[in-house]
């Protein structure tokens, strides 16, 4: 699969473009959630953009990770950090969930299912999903992000990522980083 190497400046600018897209839509979230790890950098930029526009919101990270349990073939998603949302969201809240990439959609779907399970009738009616990269051909759900910048079908390599890259890929595509790690 083709890889798209994204630079730090490009990623930051795309985060602000995403913020502008959300702002221009008229959506004003009460709560902004960045999905740790990749969703937190764009979430910070989006929160800063809205703060600059004098729009206040609660902002908070949640962590998701895939893991395989003993004797389990299927991967499951573990979510942590939902306590703040559980204690503060209500049915009238508007919630924006941000991630760097929306590929299978399974992580996002599980986040929403778990929030619904925990909140019951307090589950917000107004939830939007935002991402920089939407990998539409990988989507395994009926969900589509409400806001995205790039619609792609490639593997996206973010500025901070080294895992699953060969030394040659790092040397060619992340020259400055390579100087530190060689």
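In our numbering, the protein residues as written are 80 to 261. By construction, the Cβ of each residue, glycine as well, lies at the ideal position given by its N, Cα and C atoms.
To which residues does DSSP link residue i through a beta bridge?
i, result
"residue 175", "111 and 207"
"residue 145", "156"
"residue 82", "234"
"residue 139", "112"
Closer than 8 Å by C-beta to residue i: which residues in its own chain qualify, once you throw out the five before and the five after it? Chain order, please.
i, result
"residue 109", "136, 137, 172, 173 and 174"
"residue 91", "120 and 124"
"residue 158", "141, 142, 143, 189, 190 and 193"
"residue 167", "110 and 137"
Buried or exposed for residue i, please, with buried defined as at least 16 other CB atoms from any protein chain shown within 10 angstroms of its CB.
i, result
"residue 87", "exposed"
"residue 103", "exposed"
"residue 247", "exposed"
"residue 145", "exposed"
"residue 242", "exposed"
"residue 228", "buried"
"residue 170", "exposed"
"residue 105", "exposed"
"residue 131", "exposed"
"residue 216", "exposed"
"residue 20", "Absent from the structure is residue 20, since the part of the chain shown begins at 80 and ends at 261."
"residue 94", "buried"
Since residue i and residue j are thought to touch, with beta carbons under 8 Å apart, how far apart are those beta carbons, to the nearest angstrom?
i, j, result
"residue 222", "residue 195", "Not a contact, Cβ separation roughly 13 Å."
"residue 177", "residue 114", "7 Å"
"residue 127", "residue 161", "Their Cβ separation, rounded to whole angstroms, is 24 Å, which puts residue 127 and residue 161 out of contact at 8 Å."
For residue i, which residues in the same chain have their Cβ closer than 6 Å to its Cβ, ignoring the five residues on either side in sequence?
i, result
"residue 139", "112 and 163"
"residue 100", "226"
Quick one: what's got a C-beta closer than 7 Å to residue i's C-beta in the same chain, skipping five residues either side?
i, result
"residue 224", "181, 208, 209, 210 and 213"
"residue 59", "The chain is shown from 80 up to 261; residue 59 falls before or after that span and cannot be answered."
| said: Measuring CB atoms only, is the segment 198–209 touching the segment 230–237, in the sense that at least three cross pairs come out at less than 8 Å? | reply: no
| field | the segment 180–200 in contact with the segment 246–257 per 3-pair CB rule at 8 Å | value | No: fewer than three Cβ pairs fall under 8 Å.
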